[in-house]
Amino acid sequence: MLKREKRPELEVVFLGDSITMMWRSQSGYEGGTPVWEKHYAPLRAGNFGISGDRTEHILWRITEGGDLDGLNPKVLVLLIGINNLLGGKNTPEQTAKGVATIVKYLKAKLPKTRILLLGLFPCWEKPDNSTRALVRKTNELIRPLEDMERVFYLDLGDKFLEPDGVIKKEKLRDLLHLSEVGYRIWAEAMNPYLDDLLKNAGKGQLWAERVDGKPR
2 MLKREKRPEL EVVFLGDSIT MMWRSQSGYE GGTPVWEKHY APLRAGNFGI SGDRTEHILW
62 RITEGGDLDG LNPKVLVLLI GINNLLGGKN TPEQTAKGVA TIVKYLKAKL PKTRILLLGL
122 FPCWEKPDNS TRALVRKTNE LIRPLEDMER VFYLDLGDKF LEPDGVIKKE KLRDLLHLSE
182 VGYRIWAEAM NPYLDDLLKN AGKGQLWAER VDGKPR
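Using the numbering used here, the first residue of the sequence shown is number 2, and each one after it goes up by one.
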């Protein structure tokens, strides 16, 4: 996480848990550093991902913790909630409520920032894994937070799946966290939408071409 006293002017902020944090390789774990340096360092992006964070941790960080104080990014990319679901800590309904509270606060805290709300990524190998169903339900519940003015929703989850719905470690190195290949897939799928938010205020035709928030 960037320390407040050392922050530059950031155009883009990534906010989330370890999946966001590991855009930059951590403690010997493979991450997405080469992809980040290619695509997001030139955009003056800041990484505000912390391992283990749930929705309540993000909410504390952006309120009491002051993580966003002094920032005015053009776009904030939000991906949070998988740690709420893992281990049955929270239901999809509780998780979605937490995401909604975060989004509400972000809209008030950063009135000039557009929020790119990402659907939770799928995890574990088999498509019939119970967590997959929780992820799908949570995504169904957070998708209506999109207003196409301040909040834009994007579900990239299918990009990490094989045609039969299986997840391979080539993309998710431990079937939860992304490999460098996975981060490349994330970037390539998201970048046209991020670019439109930065340059065209989210008015591009590509948004209308989504199906249930998913790129065609």
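All C-beta atoms, glycine included, are put in the ideal place defined by N, C-alpha and C.
Looking at the secondary structure, which residues open and close the beta strand (DSSP E) in which residue i lies?
i	result
GLY50	46-50
VAL152	152-155
VAL212	From DSSP, VAL212 is part of no beta strand (DSSP E); its letter is neither H nor E.
For residue i, which three-state DSSP category applies?
i	result
PHE15	strand
VAL136	helix
TYR194	helix
LYS160	helix
LEU111	coil
GLY53	coil
Answer with buried or exposed for residue i, where buried requires no fewer than 16 other C-beta atoms within 10 angstroms of its C-beta.
i	result
ARG55	buried
LYS90	exposed
LYS39	exposed
ARG25	exposed
TRP61	exposed
LEU118	buried
MET22	buried
VAL43	Looking at the sequence itself, residue 43 is Pro, so the reference to Val does not match. Exposed, by the Cβ-count rule.
Look up residue i in the DSSP assignment and give the residues it is bridged to.
i	result
LEU77	VAL14, ILE116
LEU173	LEU179
TYR30	GLN27
Could you spell out where the alpha helix (DSSP H) holding residue i opens and where it closes?
i	result
GLY71	Neither: GLY71 is in no alpha helix (DSSP H) and is coded neither H nor E.
GLU65	Careful: GLU65 lies outside any alpha helix (DSSP H) and carries neither H nor E.
Say whether the region 134-146 touches the region 165-180, bearing in mind that this needs 3 or more beta-carbon pairs closer than 8 Å, one atom from each stretch. no
Three or more C-beta pairs under 8 Å: does that hold for the region 44-55 against the region 82-101? yes
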